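First comes the structure, then the notes that go with it.
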Amino acid sequence: MKRLIRIEWLKNYSYFPVILFSGIYFILVIGFTLLCSLKSIPILGIAVNIRDQGFLNFPQIWNFLTYITALLKLFLGLIIVFTISNEFTAKMFKQNVIDGLSKKEFVISKVLTIGLLSFISTLVVFFMGIILGLSFSDKTGISLIFKEFYFIFGYFLKLFTFLSFLFFITVLLKRVVFVFLSFFIWWIIELILLVVEYTTKVVEKYDSQGNRITEIPFLITDYLPLNVMSNLIDEPFQRIQLVNKLTGGSFEFKVPYDAVGASIVYSTLFILGSYWLIKRRDW
Amino acid sequence: MSVVLEVTNLSKRFGRLQAVNSISFSVEKGNVYGLLGPNGSGKTTTLGILLSTLNPSEGKWSWFGNPGTSSDDLKSIGAIIEHPNFYTYLSAEKNLKIVCEIKGAPYSRIDSVLKLVGLFDRRGDRFSSFSLGMKQRLAIASAMLNEPKVLILDEPTNGLDPEGIIQIREIIKTIASKGTTIILASHLLDEVEKVCSHVIILKKGVSLYCGSVAGITAKNGYFVLEANNLKSLKNELEVSGDFSEIKEDSGRIIAYMKSDLNASELNKKMMDKGIYLSHLSKEQESLEEQFLDLVKQNQ
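Quick mapping for you: the protein sequence lines, in order, are chains A and B. Residues in the first sequence are numbered consecutively from 18, following my numbering. Residues in the second sequence are numbered consecutively from 45, following my numbering.
And the structure:
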């Protein structure tokens, strides 16, 4: 395993897209952390104070930070797509195999890279949360800090699944342009399917008091890969509004076990699928 | 002699194209093999299968007695297929470090292989700044990192200038002199003749011959003869029964021997019959002629 990581390191550490995109990623993450610590942030002319809104309170800070930083995962995705695409377009995969790297080892080395990249990014978010939370949270305390620690795990899983997905389509299509085009098309397809299923299946009813009840039945589109990934970390804004209400509303966080299970299944399928393609093809 | 590679009835089909059609051959330790054949005869495909980058349609093979190609076998094979492939954004040295990691060779080998191919001074330069000849030499250096038992070269001099070709040939000869088994695929016959002791001849995916260069050329020696009276010369030759084929070609007679004959004996024989030769030379068919003959026979 150490050998495979060393090989990946030698291949990638001075590759321009890797330096570029990891640079952009870390500048954005650090910039966002600094932005959060400001008293007021001008957004579209309105001064928003993240601190006063309660975004930085334990435990919802985890929900907030993982949700926002996950939006930047595209830059990590670019690293994966560029490096793996280069292995195929520059015929380096073929050369690696001829030199004695087995096809299995190649896949494992890429999975290690994906895992390591997700892990580092998770670690960064963890420290962001600890630093921002300890500085600005209303209340602290070990049990409160780790109450919704699921988000850290969910964040790792989200990145890992996302990068495995990109790994699979890069193996499938090889070229960067095709990968992003098809990723974009797939994203739109999922959106359309979601909208179609939602409008046909979800029924709105009124109970005896005339309150509106939305019945959400089992949705197949909830189990499409990109939706699964987005279901891993729910958006944090509703819950913060709920907790902020003067009436003292409360929010009980539930771990989305369905999405966790589906993500693990998807990552496994993407990795095994990549291995199958690599093994079966003529290079 | 121990067998390094044994191939039995190997076939590869790409859709409707039969690229390799049930070829069999074996490679013995310490020899330099030429894998000969015109473009599209299945050389690269065969090597691709033996190096596990292509999946065979049918057939079996074994490296060092182990069936198929394992990545451990590949670590003790140095191979260059088609173009030299390296990470263009990395220096020669860093590229070789990656190969060292893959093959499990110590980094200390890097300097000595770079010296072998004369690239030591350029070790810190990016691969993308190299000329084709340098790229090809770096590929050989890379293949030599793990002190391979077998070196496979596919058209190593393709596209090189004369100086580059000579450099590569010298390197191959140096490596061969150390007892490394070499398989050299080429369509350049004189190149194979210059460096190889054995040949495997492929044509349209079929193997026509596998054996020593000496073996293929010794079969047919011939005399080129001239005399004032060509007709009676031809007659005498035919009567003697020593020749399998006698033909006239632009004022000379070319006579193919059935078995080895001494030139002076032939001269004496003709003199006894009253025919005075004005030209007598005993020649061997070149590999090129042999190759063309073989290919023609199998059309």
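The beta-carbon is built from N, C-alpha and C at its ideal position, and this holds for glycine as well. Note that the structure is a prediction, hence the values are computed from the model and not measured.
Where does tyrosine 223/A land, buried or exposed, given buried means 16+ other C-beta within 10 angstroms?
exposed
Taking 9 Å as the CB-CB limit, is tryptophan 79/A close to chain B?
Output row for tryptophan 79/A: interface = no.
Give a yes or no on whether the C-beta atoms belonging to threonine 174/A and leucine 82/A are separated by under 9 Å.
Reading the sequence as shown, one finds leucine at residue 174/A and not threonine. Result no, Cβ atoms of leucine 174/A and leucine 82/A do not sit closer than 9 Å.
Check whether the Cβ atoms of glutamate 207/A and leucine 241/A lie closer than 9 Å to each other.
yes
With distances taken from CA atoms, which of Ser66/B, Leu246/B, Leu204/B, Ile216/B is nearest alanine 185/B?
Ile216/B
Taking Cβ-Cβ distances below 7 Å as the criterion, which residues of the region 162 to 177 of chain B are in contact with chain A?
Answer set for the region 162 to 177 of chain B: empty.
Compare the Cα-Cα distances from alanine 258/B to each of Ser70/B, Asn75/B, Phe58/B and report the closest residue.
Residue Asn75/B is the option with its Cα nearest to alanine 258/B.
What three-state label does DSSP hand tryptophan 105/B in the structure shown?
Residue state, collapsed to three classes: strand.
Could you give the DSSP three-state label for valine 143/B: helix, strand or coil?
helix
In whole angstroms, what separates the C-alpha of glycine 122/B from that of isoleucine 137/A?
37 Å
So glutamate 145/B contacts chain A; which residues on that side make the cut at Cβ distance below 7 Å?
Within chain A, the residues near glutamate 145/B are Arg20, Arg23, Ile24, Leu27.
Check each candidate in Lys179/B, Val194/B, Leu189/B, Met314/B and name the one with the smallest Cα separation from asparagine 273/B.
Met314/B
Going along chain A, which residues have a C-beta under 8 Å from tyrosine 151/B?
By Cβ distance, chain A contributes nothing, its closest Cβ being about 11 Å from tyrosine 151/B, past 8 Å.
Measure the Cβ-Cβ separation of threonine 216/A and isoleucine 101/A and say whether it is below 9 Å.
no
In terms of residues, what are the limits of the alpha helix (DSSP H) holding cysteine 53/A?
33 to 54
If we ignore side chains and look at the alpha-carbon of each, how far apart do phenylalanine 75/A and glutamate 165/A end up?
8 Å
Does any C-beta atom of chain B lie closer than 9 Å to the C-beta of glycine 117/A?
yes
Counting C-beta neighbours from all protein chains within 10 Å, is the total for leucine 49/B 16 or more, i.e. buried, or is it exposed?
buried
Taking 7 Å as the limit between beta carbons, can you name the residues of its chain near phenylalanine 179/A, skipping five residues before and five after?
Lys90, Gly94, Met246
Ignoring anything shorter than 4 residues, give me the alpha helix (DSSP H) runs that lie fully in the region 171 to 251 of chain B, in order along the chain.
For the region 171 to 251 of chain B, whole alpha helix (DSSP H) runs of length 4 or above, ordered along the chain, are 176 to 188, 206 to 221, 233 to 239.
Within 10 angstroms of the Cβ of valine 157/B, are there 16 or more other Cβ atoms? Answer buried if so, exposed if not.
buried
Measure the C-alpha to C-alpha separation of glutamate 329/B and aspartate 155/B and round it to an integer number of angstroms.
43 Å
Could you tell me whether the region 113 to 120 of chain A touches the region 93 to 103 of chain B, where touching means 3 or more Cβ pairs closer than 8 Å?
yes
Under the rule that 16 or more other beta-carbon atoms within 10 Å means buried, what is lysine 238/B, buried or exposed?
exposed
What residue range does the alpha helix (DSSP H) around isoleucine 205/A cover?
Boundaries of the alpha helix (DSSP H) harbouring isoleucine 205/A: 193 to 218, taken from the DSSP string.
Note down, in chain order, all residues in the region 64 to 98 of chain B with a beta-carbon under 8 Å from any beta-carbon belonging to chain A.
Gly92, Leu95, Ser96, Thr97, Leu98
Within the same chain, show all residues whose beta-carbon is closer than 7 Å to that of serine 241/B, passing over the 5 residues directly before and after it, in chain order.
Asn75, Val76, Ser256, Val257
Quick one: does tyrosine 266/B have its CB under 9 Å from some CB of chain A?
Chain A, which has no Cβ nearer than 9 Å to the Cβ of tyrosine 266/B, makes this no.
Given this structure, state the Cα-to-Cα distance separating glutamate 122/A from isoleucine 124/B, to the nearest angstrom.
Answer to the nearest angstrom: the Cα atoms are 21 Å apart.
Mind checking which residues open and close the beta strand (DSSP E) that includes glutamine 62/B?
61 to 72
Going by C-alpha distance, which of Val268/B, Lys138/B, Val339/B, Pro82/B is nearest glutamate 199/B?
Looking at the Cα atoms, Pro82/B is the closest of the given residues.
How long is the line joining the alpha carbons of tyrosine 253/B and tyrosine 283/A, rounded to whole angstroms?
52 Å
Could you compute how far the alpha carbon of glutamate 102/B sits from the alpha carbon of valine 51/B?
11 Å
What three-state label does DSSP hand isoleucine 67/A in the structure shown?
Residue state, collapsed to three classes: helix.
Would you say aspartate 239/A faces chain B, with C-beta separation under 9 Å as the test?
Chain B, which has no Cβ nearer than 9 Å to the Cβ of aspartate 239/A, makes this no.
Count the other CB atoms within 10 Å of the CB of arginine 20/A; is the residue buried (16 or more) or exposed (fewer)?
That one is exposed.
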